[in-house]
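K.L.:
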Amino acid sequence: MTALATRVSWWMRARHLWDRVAVYLPLILMGLMALATYWLVRNTPTVLDVELEAAPQHVPDYFMRDFSVKVFDARGVLKSEMAGVQGRHYPDTDTLEIDQPRIRAISREGRITTARATRAVINADGSEIQLFEKTVLIREAAQSARGEIWPRSELRSEFLHLFPNTEKIRTHLPVELLRGDGERFTADHMDYDNMDRLMQLGGRVHGTILPRKSKP
Numbered sequence: 568m569t570a571l572a573t574r575v576s577w578w579m580r581a582r583h584l585w586d587r588v589a590v591y592l593p594l595i596l597m598g599l600m601a602l603a604t605y606w607l608v609r610n611t612p613t614v615l616d617v618e619l620e621a622a623p624q625h626v627p628d629y630f631m632r633d634f635s636v637k638v639f640d641a642r643g644v645l646k647s648e649m650a651g652v653q654g655r656h657y658p659d660t661d662t663l664e665i666d667q668p669r670i671r672a673i674s675r676e677g678r679i680t681t682a683r684a685t686r687a688v689i690n691a692d693g694s695e696i697q698l699f700e701k702t703v704l705i706r707e708a709a710q711s712a713r714g715e716i717w718p719r720s721e722l723r724s725e726f727l728h729l730f731p732n733t734e735k736i737r738t739h740l741p742v743e744l745l746r747g748d749g750e751r752f753t754a755d756h757m758d759y760d761n762m763d764r765l766m767q768l769g770g771r772v773h774g775t776i777l778p779r780k781s782k783p
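For reference, each letter of the sequence shown is one residue, going 568 to 783 in this note's numbering.
Now the structure itself:
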């Protein structure tokens, strides 16, 4: 076989092989594209759909109107009573806001304390009570088991922060204290601890103290 014949024969076999490959070329390309797509899907970081939680809004979830709530101790003795024109509970802060609250509490010694204001805010467990605007707190006169006389006292301020569990009262606003028949004190702020019988008046403090009446 001559060299020319050999080259022609090789060319014919190569062309025949190319024709056979060309038939399957689209399938091969599609397979390669599928493999490439699969690889990209497996190796591309997925973006998670993050659900954005809406910020809690200060909107009441229930109301009370012309209500009264009483609290009794384990023996069934009345400890306190709270009433108001309207109450609103806010789930975002878990607080109860009351319009024109009226509070009546009875201590272990039986001494009665009442309070009223334009508005009140009470936390979830009742350990803090904030009274706003035209706040008046009155502790009625009483006598202790040892015969000690406790005169009537009255607190007035635009804000009073009560802590019933620890029997403390605070205010950062001007306060007026009336005690007994004519004693009067004013201050820029006050911190009172009933358990320790200690009252701290700060800022500009003014007071009027009446002389004790001598026994006949």
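Ideal Cβ placement from N, Cα and C applies to all residues, glycine included.
Using the beta-carbon count (16 or more within 10 Å), is Leu777 buried or exposed?
P.N.:
Within the sequence shown, residue 777 is the residue found at index 210, counting from 1. By the neighbour-count rule (16 or more Cβ atoms within 10 Å), Leu777 is not buried but exposed.
K.L.:
Of all the options Lys701, Arg706 and Val688, which has the alpha carbon lying nearest to the alpha carbon of Ala672?
P.N.:
As a position in the sequence shown, residue 672 is number 105, starting the count at 1. Nearest of Lys701, Arg706 and Val688 to Ala672, Cα basis: Arg706.
K.L.:
Under the assumption that Thr790 contacts Met757 (Cβ atoms under 8 Å), give the Cβ distance between them as a whole number of angstroms.
P.N.:
Here the chain covers residues 568 to 783 and nothing more, so residue 790 does not appear.
K.L.:
I'd like to know if the segment 687 to 701 and the segment 639 to 646 are in contact, where contact means that at least 3 CB-CB pairs between them fall below 8 Å.
P.N.:
Short answer: they don't touch.
K.L.:
Does DSSP classify Glu618 as helix, strand or coil?
P.N.:
Counting from one through the sequence shown, the residue named residue 618 turns up at place 51. Residue confidence is low: Glu618 scores 49 on pLDDT, short of 50, so the model does not pin down where it sits. Its coordinate-derived value is still stated next. The answer is coil: DSSP assigns Glu618 none of H, G, I, E or B.
K.L.:
By Cβ distance, which residues of its chain are closer than 6 Å to Leu745, with the 5 residues on each side in sequence left out?
P.N.:
In the sequence shown, residue 745 corresponds to position 178, counting from 1. If we look at Leu745 and ignore the five residues flanking it on each side, its Cβ neighbours are Glu721 and Arg751.
K.L.:
Residues in its own chain within less than 6 Å of Arg702 by CB, not counting five upstream and five downstream?
P.N.:
Working through the sequence shown from its first residue, we reach residue 702 at position 135. Before going further, note that residue 702 is Thr rather than Arg in the sequence given. Result list for Thr702: Ala684, Ser724 and Leu727, in chain order.
K.L.:
By the DSSP assignment, the beta strand (DSSP E) with Ile705 in it spans what residues?
P.N.:
In the sequence shown, the residue the question calls residue 705 occupies position 138. Unbroken beta strand (DSSP E) run through Ile705: Ile696 to Arg706.
K.L.:
Comparing C-alpha positions only, which one of Leu663, Thr660, Trp717 and His773 sits nearest to Arg676?
P.N.:
Looking up residue 676 in the sequence shown gives position 109. It is Glu, not Arg, that sits at residue 676 in the sequence shown. Taking only the C-alpha atoms, the option nearest Glu676 is Trp717.
K.L.:
Considering just the uninterrupted stretch of the beta strand (DSSP E) at Val688, what are its terminal residues?
P.N.:
The residue you call residue 688 lines up with position 121 of the sequence shown. That run of the beta strand (DSSP E) goes Arg686 to Ile689.
K.L.:
My guess is that Ala682 and Ile665 are in contact by the Cβ rule of under 8 Å, so how many angstroms apart are they, rounded?
P.N.:
Along the sequence shown, one-based indexing puts residue 682 at 115. Along the sequence shown, one-based indexing puts residue 665 at 98. Wrong, their Cβ atoms sit about 11 Å apart, outside the cutoff.
K.L.:
Whole angstroms is fine: what's the gap from Asp655's alpha carbon to Val626's?
P.N.:
Start at 1 with the first residue of the sequence shown, and residue 655 comes out as number 88. Start at 1 with the first residue of the sequence shown, and residue 626 comes out as number 59. Residue 655 is actually Arg in this sequence, not Asp. Rounded to whole angstroms, Arg655 to Val626 spans 9 Å at the Cα level.
K.L.:
On a CA-only basis, which of Asp763, Gly747, Asp755 and Arg669 is nearest Ser647? Give me that one, please.
P.N.:
The sequence position of residue 647 within the sequence shown is 80, counting from 1. Closest by alpha carbon: Arg669.
K.L.:
Helix, strand or coil, according to DSSP, for Gln667 in the structure here?
P.N.:
Here the question's residue 667 lines up with position 100 in the sequence shown. Coil.
K.L.:
State the DSSP-derived secondary structure class of Ala682, mapped to helix, strand or coil.
P.N.:
Locating residue 682 in the sequence shown gives position 115, where the first residue counts as 1. Note: Ala682 maps to strand in three-state DSSP.
K.L.:
So, for Glu743: in the same chain, excluding its five sequence neighbours on each side, which residues have a beta-carbon less than 6 Å away from its beta-carbon?
P.N.:
Position 176 of the sequence shown, counted from the start, is the residue given in the question as residue 743. Arg723 and Thr753.
K.L.:
What residue range does the beta strand (DSSP E) around Met762 cover?
P.N.:
Within the sequence shown, numbered from 1, the residue matching residue 762 stands at position 195. Run containing Met762: none; DSSP gives neither H nor E here.
K.L.:
Suppose you measure from the CA of Asp661 to the CA of Asn690; what does that come to, to the nearest Å?
P.N.:
Residue 661 sits at position 94 when you count from the first residue of the sequence shown. Residue 690 sits at position 123 when you count from the first residue of the sequence shown. Computed Cα separation, rounded: 7 Å.
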